[in-house]
Amino acid sequence: MSTPTDPPPGLRERKKIKLRRAIQTAALRLFETQGYEHTTVEQIAEAAEASTTTFYRYFPTKEDVVLDNDASPLFEATVATRPADEPLTATIRAAMGAVVGAAEADRDLTLARMRLVATVPALEARYAGEDRRTIDLLARLLANRTGRPADDYQLELIAFVLAGVLFTASRRWVAEQGATPLAILVDQALTIIEPLLTTLEHPTRTLP
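Next up, the structure:
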């Protein structure tokens, strides 16, 4: 994942991004028309005008074509570009904003992915399993920004809460078919938990 200061991707990289998106788009279209379980990798590859070998080069399993996204790398890359002395709440809002902006830029694709996650048991189980990695990433980023150890109790609690913000806001966004912008849902949640983030910046302060 490139950062905002990196040069734009070259022609070869742009072709890879275009093909990856074409495979995901074809897969989601087939899943919605004929069902996830009844769609094969071969059918997806054919619809995307690619080979099955190419499919597996981008997506190790059929589940990955739905679940694979750039949210975590984008969040991490955005945090890395923020000033070291910036208030934690501003850093988290900027990173969340980058993730939300990418999701809303691909609104139809993102909504289709999340609808499948909510209705296909195998995808829902895999998605739940990704939560631990997301929480670990958040804990590591919070530790780097605050100087607290990654296993600090308050820090772990707040990492869980931040993961819950994205999860709950996304679920509501999908349930409403995007009627309320995801940015508003996330902003409302962050406003509620801002006092917790402020607590992390003060080592002697405890949660209420």
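If you count the sequence shown from 1, position 168 lands on 168 in full-length UniProt numbering, and the numbers rise without skipping. Every residue, glycine too, gets a C-beta built ideally from N, C-alpha and C.
With respect to the 9 Å criterion, residue 96 and residue 186 are classified as neighbours on the basis of their beta carbons. Rounded to the nearest whole angstrom, the C-alpha separation of residue 145 and residue 159 is 13 Å. Pairing residue 34 with residue 27, the inter-Cα distance amounts to about 10 Å.
Taking every protein chain shown into account, the CB of residue 16 has fewer than 16 other CB atoms within 10 angstroms, so this residue is exposed. Looking only at 38, 12, 68 and 60, the smallest Cα-Cα distance to residue 25 is reached by 68.
Residue 36 has its alpha-carbon roughly 19 Å from the corresponding atom of residue 175. Nearest to residue 132 by alpha-carbon distance, out of 157, 74, 31 and 81, is 157.
Remark: fewer than three beta-carbon pairs, one from each stretch, lie closer than 8 Å, so the region 41-50 and the region 83-98 are not flagged as touching. Inclusion of residue 63 and residue 137 in the CB contact set at 9 Å is not warranted, their separation being larger than that value. In terms of Cα proximity to residue 119, the closest of 31, 182, 56 and 55 is 31. By the Cβ-count criterion, residue 44 is buried, with 16 or more other Cβ atoms from all chains shown falling within 10 Å of its own Cβ. Taking the Cβ atoms as the reference, residue 163 lies roughly 19 Å from residue 184, outside the contact range of under 8 Å.
Taking the CA atoms as reference points, residue 169 sits about 25 Å from residue 201.
It is roughly 11 Å from the alpha-carbon of residue 153 to the alpha-carbon of residue 143. Inter-residue distance for residue 56 and residue 197 is about 40 Å (C-alpha atoms, whole angstroms). Rounded to whole angstroms, the gap between the alpha carbons of residue 125 and residue 173 is 20 Å.
DSSP places residue 49 in no alpha helix (DSSP H); its state is neither H nor E. When the Cα atoms are used, residue 179 and residue 104 turn out to be separated by approximately 12 Å. Judged by DSSP secondary structure, residue 187 falls within the alpha helix (DSSP H) whose first and last residues are 182-200.
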